[in-house]
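Under my numbering, residues 7 to 726 are what the sequence shown spells out, in order. The C-beta atom is built at its ideal place from N, Cα and C for all residues, glycine as well. Bear in mind the structure is a predicted one, so any value in this text is a computation, not a measurement.
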Amino acid sequence: QVTLRAGVELDAHQVNQYTLILWAACPGEDEVEGRLFVRVTTGQVLRCDTPFASAEGDVVQVLADVAPRTPLYAVLPQMLGGLTVRFPSPSFLQFRLRNHNTPLTLTRRGLVLAPDNGFDPSKDIQTFRLEIEVMDRHGHNCSGAVRVEVLPSRRPRVTFPEPHRAVMVTQGIGPREVVTQVHARGDNVRYAILAPVAPALFTIDEVTGEICSTRRLEVIRAQLLIRAYNALHPDDHATATVNITVQGTDRQAPRCVPAIFVSQVPETVSPGSTLVTLRCTDSTSTDGCLHYALEGPPSSLSHFCMEGPQLKVNTTLDYDSEAMAALGFQFTATIVVTVGGQPLQSTHVPVLVTVTPVNEFRPACPSSATFTVPETAAFGSVVGRVAGTDRDYPPDSIEYSVEGGSGPAQPFSIDRRTGEIRVVGPLGSQQQNSYRLVVRLTDTHNDLDLRKRLSRLCDVSVRLQAVPDQLPVCIPEVQELRIRAGSPGSRQPVTRLVCHSSPDSAVLTYTIAGGNEDGRFRLEGNTLVYLPTDRAEPHTFVLLVEVWGGSGARRRSSMVALVVHVTPWSTPVPPSTTAQHTTLQKEPLVVTLTEAVWHPPAWFVAVLTISGALLLATLGCMARNLLCSALPLPSSFCSSWDVMEHSRVEEEQGHPHASSPVSVCQRWWVPCQGGRKSPVALSSHSCLSSTQGQFDGRAQDPRTGRDYLFSSVTGARRWI
Numbered sequence: 007q008v009t010l011r012a013g014v015e016l017d018a019h020q021v022n023q024y025t026l027i028l029w030a031a032c033p034g035e036d037e038v039e040g041r042l043f044v045r046v047t048t049g050q051v052l053r054c055d056t057p058f059a060s061a062e063g064d065v066v067q068v069l070a071d072v073a074p075r076t077p078l079y080a081v082l083p084q085m086l087g088g089l090t091v092r093f094p095s096p097s098f099l100q101f102r103l104r105n106h107n108t109p110l111t112l113t114r115r116g117l118v119l120a121p122d123n124g125f126d127p128s129k130d131i132q133t134f135r136l137e138i139e140v141m142d143r144h145g146h147n148c149s150g151a152v153r154v155e156v157l158p159s160r161r162p163r164v165t166f167p168e169p170h171r172a173v174m175v176t177q178g179i180g181p182r183e184v185v186t187q188v189h190a191r192g193d194n195v196r197y198a199i200l201a202p203v204a205p206a207l208f209t210i211d212e213v214t215g216e217i218c219s220t221r222r223l224e225v226i227r228a229q230l231l232i233r234a235y236n237a238l239h240p241d242d243h244a245t246a247t248v249n250i251t252v253q254g255t256d257r258q259a260p261r262c263v264p265a266i267f268v269s270q271v272p273e274t275v276s277p278g279s280t281l282v283t284l285r286c287t288d289s290t291s292t293d294g295c296l297h298y299a300l301e302g303p304p305s306s307l308s309h310f311c312m313e314g315p316q317l318k319v320n321t322t323l324d325y326d327s328e329a330m331a332a333l334g335f336q337f338t339a340t341i342v343v344t345v346g347g348q349p350l351q352s353t354h355v356p357v358l359v360t361v362t363p364v365n366e367f368r369p370a371c372p373s374s375a376t377f378t379v380p381e382t383a384a385f386g387s388v389v390g391r392v393a394g395t396d397r398d399y400p401p402d403s404i405e406y407s408v409e410g411g412s413g414p415a416q417p418f419s420i421d422r423r424t425g426e427i428r429v430v431g432p433l434g435s436q437q438q439n440s441y442r443l444v445v446r447l448t449d450t451h452n453d454l455d456l457r458k459r460l461s462r463l464c465d466v467s468v469r470l471q472a473v474p475d476q477l478p479v480c481i482p483e484v485q486e487l488r489i490r491a492g493s494p495g496s497r498q499p500v501t502r503l504v505c506h507s508s509p510d511s512a513v514l515t516y517t518i519a520g521g522n523e524d525g526r527f528r529l530e531g532n533t534l535v536y537l538p539t540d541r542a543e544p545h546t547f548v549l550l551v552e553v554w555g556g557s558g559a560r561r562r563s564s565m566v567a568l569v570v571h572v573t574p575w576s577t578p579v580p581p582s583t584t585a586q587h588t589t590l591q592k593e594p595l596v597v598t599l600t601e602a603v604w605h606p607p608a609w610f611v612a613v614l615t616i617s618g619a620l621l622l623a624t625l626g627c628m629a630r631n632l633l634c635s636a637l638p639l640p641s642s643f644c645s646s647w648d649v650m651e652h653s654r655v656e657e658e659q660g661h662p663h664a665s666s667p668v669s670v671c672q673r674w675w676v677p678c679q680g681g682r683k684s685p686v687a688l689s690s691h692s693c694l695s696s697t698q699g700q701f702d703g704r705a706q707d708p709r710t711g712r713d714y715l716f717s718s719v720t721g722a723r724r725w726i
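Right, dumping it as C-alpha cells:
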C-alpha cells in the first residue's frame, strides 16, 4: 500500500507526475524491481490552515464568565489558504467532531459554542481540545484541532463583607420602615430573601439591599437568609445570614457623666495617659453590658483610643508640626456608649481636645555669623542678618538684641524682629579693624505661659573693610575772578571753594601754597578773603590753594588755582562789579552727532550736476540782461558789443545822430572820458567832453555795498 506522506501538498502546476521505483523480494527468491507512475491532476482540494492543521491545533482564549452558547471559534475554508475564522461556513461542507469528551458544541456550520450552562467560574484555567474533521461533497477531507483555554473572570465576584449580622430593634416600628441594610461587593448586584420562602414580616429592596418591615413589629426573633447575585451572571452569587431581634421599649439609653468632654492637654503628654473616665449607668443597672466606641475623623482615631470607659492618648501629640497646625491644634471625636451593642439604645458623648504648646527647644545660632562692612558705611547701612532658628511652633519666632547696647565701642544695632544689623555710629579701621557682638536670641509665643522663654547667646563678628582715601575734588579746579578793592583795612570775601573728599565725613583743610604776595589774601575755612591796601594800580594775583583730606599717614591733597584781578577802589571800573568766575576746562567736551546720510547712485549725481549747471547758466544770463537794462553798472560791464549792436540797429532804422553813442552810454550808465579810447569810438561818434565827465561825489551802493564815484551834473557813475 502506497500512501501520501503526512504534511505534503501536491501541486500539479509544479510537478504533475512522480515515478516510484519499487523493489520486492520473497524469501529465497530473487529481488524484483518495478515502477509506479503517479500522475497529479488539477482540481479543488481541501487544505487546512497551518494553526488548525498543526499537531497542537489552533488556540482560543475566553473568559469564564462568557455567556452560554456563545460562538468561540469558526472553521472556514479558503481555496488557496485552507481554513480561517470569523466568516460563515459554506453549506457544502460537513463538520464532524471526533472526540466527544468536551462540554463544547460544534454546529453544522463549523461554529464552536460555549457550554449550555456556561463555564464554572470557580475553577482556575480550564482547557478543552476539539478534534474536527472537514469534508466536502467530493469526498475530500481535512482535519485539525482547536484548543479552548478558559481564563478566570476579571470581574469581581459577588461577596458579602459581613456574612453574619445581628440586628436589635425596639418594638413599635411601623410598616415600611427600614430595619437594616445589607451590602455585597460585585457588579450588577441584586438582593433576594431565600429563607423564609414566604417572609411575612420583612421584605428587601433588590437594588439597595434595605430590609424593611411589612407591618408593625412586636417582640420577636427572626432569621433571614439573604442572597446577593450578579444580574447578568446569576451563577455568581453569595449568601448572608441576618438575625433580627425585636425588643421591648422598657429599656432606656445609658446616662454618662460627663455628658460633654472638653479639655486642654500639653503636647508633652505621654502616650497611654488617661484623659477622662466616663461614668455611665443603664436603667437595668447592668454596667457590664455597656460598650464604648470612639467615632470621628481618622486623625482623632489615630491619636486617641478607648479602653473600656477610659479615653486615652494613643500616640504623641506633637504641637510643632504642620499637620497639627492644619488641624487647628484641636481634635474632635464622639464616644458612643451602647447597651448590648444596640445602636438604638446608645448615648453619644462629644469630645474636644485642644493641644497646647510647650517651649521645648532653645533657639539655635546660625552656622556662620561673620560679616564685612566698608569703614565708610553710612549711618543706617545694613551689615548683615542674623538668621536664628527655633524648632518650636511657630517656627523661628525669635527676638534679637545686642548685649551691652549700642555705643562708640559698639556702633551697631540689631532689628528686634528681623535680626538685621545696621551701622549707627562712626567706623574707623585705624583704631579698630573688627568688632565682636554678642547677640541674644530669645524665643517668643512658644509656650502657653508667655513667661517661659528660652534664649541663647551667639557671637557675631563684624570686620571693617578699609577704603583708601581719595584725593579731595574741587569744582572748579581753576577760577578767574575780578574784584574791586575796598577801602584799606577792610575785609573783602572773594570766593568760596567747593570741595569734597571720600569719605564724605572727612574734614578738609585749606592752605595758600603760593602766590600770596604781601599776605594780601587769607583763608577762613574754605572762604578766600582779600585784605585791601592803598595800592592805586590794578594787579593780578595767581594763588595756589592746597586742599588736604584724610587723617594721619593717609592724608592726601590737591591744588586749586585762583586767578584774581584786583582793581583799586579809586580807579574807574565798568558799571558791573560782579565777580566773574571763569572755569578752565581741563579736557575738551566731545559731542558726537549722528546724522543720516543719503548716498544717491552715480547716474543720479551726474543728472543732477548737469541740470544744476544748465539752471545756473540760464539764471546768470537772465540776471545779466536784467541788470544791464535797469541798474547803473560800470563801463566794463557794458560791453562794446552791446553799444555797437545798439548803434547798428538805430542806423538801420534811419535815426542816426552824432550823440547816439553818448546817449547809449548814458542810457547804460557808461560814461566816456576824454582822451580814453572806448569801444563806442568804433561807431565814428565823438564822446562828451572831459568837463562833462568830471565826478564830483562818492557814495556806496546800498544793495552791493561797493563804493562808486558819481557826477552830479551828468549822473554818471564809476565803480571804485
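Delimiting residues of the beta strand (DSSP E) encompassing residue i
i       : result
Glu-301 : 296-301
Ser-4   : A question about residue 4 goes unanswered here, because the residues of the chain that appear run from 7 up to 726.
Ala-519 : 515-520
Ala-244 : 243-253
Element boundaries [alpha helix (DSSP H), containing residue i]
i       : result
Thr-450 : It is not in any alpha helix (DSSP H) - Thr-450 carries neither H nor E in the DSSP assignment.
Ser-419 : Unbroken run through Ser-419 is the beta strand (DSSP E), 418-420; no alpha helix (DSSP H).
Ser-308 : 304-309
Glu-137 : First-last for Glu-137: 132-141, but that is the beta strand (DSSP E), not the alpha helix (DSSP H).
Glu-426 : Here Glu-426 belongs to no alpha helix (DSSP H); instead the beta strand (DSSP E) covers 426-429.
Contacting residues, own chain, Cβ-Cβ under 6 Å from residue i (five flanking each side not counted)
i       : result
Arg-227 : Thr-251
Ser-279 : Val-319
Val-44  : Tyr-24
Tyr-441 : Val-468
Thr-274 : Val-364
His-571 : Arg-488, Thr-546
Thr-165 : Arg-191, Ala-244
Asp-288 : Pro-260, Val-345
Pro-205 : Ile-199
Cys-148 : Leu-52, Cys-54, Val-140
Thr-376 : Ser-467
Pro-109 : Pro-121
Met-85  : With a pLDDT of 46 at Met-85, under the threshold of 50, the modelled position of this residue cannot be trusted; read the value that follows with caution. Correct list: empty, nothing qualifies.
Simplified DSSP state of residue i, which is helix, strand or coil
i       : result
Phe-610 : helix
Arg-630 : helix
Thr-56  : helix
Leu-715 : strand
Pro-127 : coil
Asp-702 : coil
Ser-403 : coil
His-170 : strand
Pro-272 : strand
Trp-674 : Bear in mind that a pLDDT of 36 at Trp-674, under 50, signals an unreliable position, so the model cannot answer this.
Leu-620 : helix
Gly-525 : helix
Ala-201 : strand
Ala-237 : coil
Glu-313 : strand
Ser-327 : coil
Val-570 : strand
Cutoff 7 Å; reference residue i; Cβ partners in own chain excluding five residues on either side
i       : result
Leu-112 : Phe-101, Leu-103, Val-118, Leu-136, Ile-138
Val-430 : Phe-385, Ser-412, Pro-417, Phe-418, Ser-419
Phe-98  : Asp-142, Arg-143
Nonlocal neighbours in the same chain, by C-beta distance under 8 Å from residue i, ignoring five residues either side
i       : result
Met-565 : Glu-483, Ala-519, Leu-550, Val-551, Glu-552, Val-553
Stretch pair the segment 529-536 + the segment 488-499: three plus CB contacts closer than 8 Å: yes
The segment 190-208 in contact with the segment 262-279 per 3-pair CB rule at 8 Å: no
Cβ pair count under 8 Å reaching 3, the segment 179-197 against the segment 207-225: yes
Three or more C-beta pairs below 8 Å linking the segment 175-182 and the segment 233-253: yes
Validate contact between the segment 295-311 and the segment 320-335 using beta carbons, cut 8 Å, 3 pairs: yes
Cβ contact (3+ pairs, closer than 8 Å) linking the segment 377-393 and the segment 309-318: no
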